[in-house]
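Undergrad:
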Amino acid sequence: MSLYRNILKQSWQIAWHNKYLWFFGIFAALLGNGGEYEIIVRGLGGDGQSVFPSWQKLAETGVFSRQTLHNITTMMSNDALSLLLTLAVLLVILVLLIFLVWLTVVSQAALVNNTAGIIKQKNTNLRQGIASGINNFWPVFGLNILSKIIIGLIFAVISLPLVLTVLKTNAAVSSSLYIVGFIIFVPLAIALSFIIKYAIAYVVIRGSGLVDSLKQGWQLFMDNWLISFEMALILFFINFAVGLIIVLCILTLAVPFLFLGFIFYYLASLAGFWLIAIVALLSFLLLIVLGGAMLAVFQISSWTGLFLELIKGGGTPKIMRVLDNIVRK
Numbered sequence: 019m020s021l022y023r024n025i026l027k028q029s030w031q032i033a034w035h036n037k038y039l040w041f042f043g044i045f046a047a048l049l050g051n052g053g054e055y056e057i058i059v060r061g062l063g064g065d066g067q068s069v070f071p072s073w074q075k076l077a078e079t080g081v082f083s084r085q086t087l088h089n090i091t092t093m094m095s096n097d098a099l100s101l102l103l104t105l106a107v108l109l110v111i112l113v114l115l116i117f118l119v120w121l122t123v124v125s126q127a128a129l130v131n132n133t134a135g136i137i138k139q140k141n142t143n144l145r146q147g148i149a150s151g152i153n154n155f156w157p158v159f160g161l162n163i164l165s166k167i168i169i170g171l172i173f174a175v176i177s178l179p180l181v182l183t184v185l186k187t188n189a190a191v192s193s194s195l196y197i198v199g200f201i202i203f204v205p206l207a208i209a210l211s212f213i214i215k216y217a218i219a220y221v222v223i224r225g226s227g228l229v230d231s232l233k234q235g236w237q238l239f240m241d242n243w244l245i246s247f248e249m250a251l252i253l254f255f256i257n258f259a260v261g262l263i264i265v266l267c268i269l270t271l272a273v274p275f276l277f278l279g280f281i282f283y284y285l286a287s288l289a290g291f292w293l294i295a296i297v298a299l300l301s302f303l304l305l306i307v308l309g310g311a312m313l314a315v316f317q318i319s320s321w322t323g324l325f326l327e328l329i330k331g332g333g334t335p336k337i338m339r340v341l342d343n344i345v346r347k
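The opening position of the sequence shown corresponds to residue 19 in the working numbering, with each subsequent residue numbered one higher.
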């Protein structure tokens, strides 16, 4: 356990003593603090609508219907100024979304770069992290997109039995196919998430290209697949514990806010009531954002630390050490 204990202790110290990394953590958290765990939850959900849900909901609004095109044409002829203003607002939103995606990917690469530098006892700062993120943006972005596409396709395949169920196919057969698909494809999706983590580390730390990093990430995973799964399992419980702590903190904070809110409500002070409500909401949001940011820094530091250990020669999986001790006895 010493390998994991040292890495986790080191990652905690990095996350706590280098709070400027929380800035990157806020945006890196948007990529998901626990990709492997989200894959499992998504697979266990058993909901066919979980595959590309945003596109499905968007289509249900009728935005792609002929009526929408007709309404746009009518607006162009009757009120061109309103249409231009609407398009301008949509363009601004699109630009902001693109910037957010850019900042998220840059933050992910920056965390890998700076945590690796801290582990190697080098001086790091915010500017160096941003520079590294910008320099490695396209390969890291490409790896993230590749991961999302392949995992999306995997869950599309897993969801096929659910589609067959909707089409009145034998329910027992469909359920069996779903279970088989889950057993086969979910581990593949999790393995892919490990490969992508290692590939990103190769890009940022070793300067590898997109294709080379995938090959290297694949090889590193194949050589250390059991260690990767053990680390993911440990981080899963840490992820769960931190989430539980954040929920408990929010519930604890909610008590005085509720008390003050009721006081202002019975005093018929609407302004005071809304002030308390806004302060409470901002406090909860701040707690969630900071907790998520710190967790993102901790997790990326852990995977980066593991990567550096593995490329130096790796370690022995805990389960193998346990079995070895049993055999010796």
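Even glycine gets a Cβ: it sits at the ideal position worked out from N, Cα and C.
When burial is assigned at 16 or more other CB atoms within 10 Å of the CB, is G309 buried or exposed?
TA: So G309 counts as buried.
Undergrad: Does DSSP put Y283 in a helix, in a strand, or in coil?
TA: In the structure shown, Y283 sits in a helix (DSSP, three-state: H, G or I).
Undergrad: Y216 and F239 look like a contact to me (Cβ under 8 Å); what is the Cβ gap, rounded to whole Å?
TA: With a Cβ gap of about 6 Å, Y216 and F239 count as contacting.
Undergrad: Ignore the nearest five residues each way along the sequence and tell me which others in L26's own chain have a CB closer than 8 Å to its CB.
TA: These residues qualify, in order along the chain: I252, I256 and S320.
Undergrad: Within the same chain, show all residues whose beta-carbon is closer than 6 Å to that of L232, passing over the 5 residues directly before and after it, in chain order.
TA: Around L232: A217.
Undergrad: Compute the Euclidean distance between the alpha carbons of V297 and L108, then round it to the nearest angstrom.
TA: Rounded to whole angstroms, V297 to L108 spans 31 Å at the Cα level.
Undergrad: Taking contact to mean at least 3 C-beta pairs separated by less than 8 Å, is the stretch 160 to 180 in contact with the stretch 135 to 143?
TA: At 8 Å Cβ cutoff, the stretches do not touch.
Undergrad: Please tell me whether T92 has its Cβ less than 9 Å away from any Cβ of chain D.
TA: In summary, chain D is missing from the structure at hand, where a single protein chain is found.
Undergrad: Examine the Cβ distances between the stretch 32 to 42 and the stretch 261 to 279 and report whether three or more of them are shorter than 8 Å.
TA: Taking 8 Å as the limit for Cβ pairs, the verdict is that the stretch 261 to 279 does not touch the stretch 32 to 42.
Undergrad: Evaluate S72 with the Cβ neighbour count: other Cβ atoms within 10 Å of its Cβ, from every protein chain shown; 16 or more gives buried, anything less gives exposed.
TA: Residue confidence is low: S72 scores 48 on pLDDT, short of 50, so the model does not pin down where it sits. No coordinate-derived value is stated.
Undergrad: Evaluate the contact criterion for the stretch 273 to 290 versus the stretch 325 to 334: three or more CB pairs, one atom per stretch, below 8 Å.
TA: No, because fewer than three Cβ pairs between the stretch 273 to 290 and the stretch 325 to 334 fall closer than 8 Å, the two stretches do not touch.
Undergrad: Exposed or buried, T92, counting other C-beta atoms within 10 Å across all chains shown (16 or more means buried)?
TA: When all chains shown are included, T92 counts as exposed.
Undergrad: Measuring straight from C-alpha to C-alpha, what distance separates I152 and P274?
TA: Rounded to whole angstroms, I152 to P274 spans 44 Å at the Cα level.
Undergrad: With DSSP as the reference, label G43 as helix, strand or coil.
TA: Residue state, collapsed to three classes: helix.
Undergrad: With 16 as the cutoff for other CB atoms within 10 Å, does D65 come out buried or exposed?
TA: Residue confidence for D65 is low, a pLDDT of 46 falling below 50, so the modelled location carries little weight; the figure read from the coordinates is stated next. D65 comes out exposed.
Undergrad: Anyone know if the C-beta pair for I148 and A314 falls short of 9 Å?
TA: Going by C-beta atoms, I148 is not nearer than 9 Å to A314.
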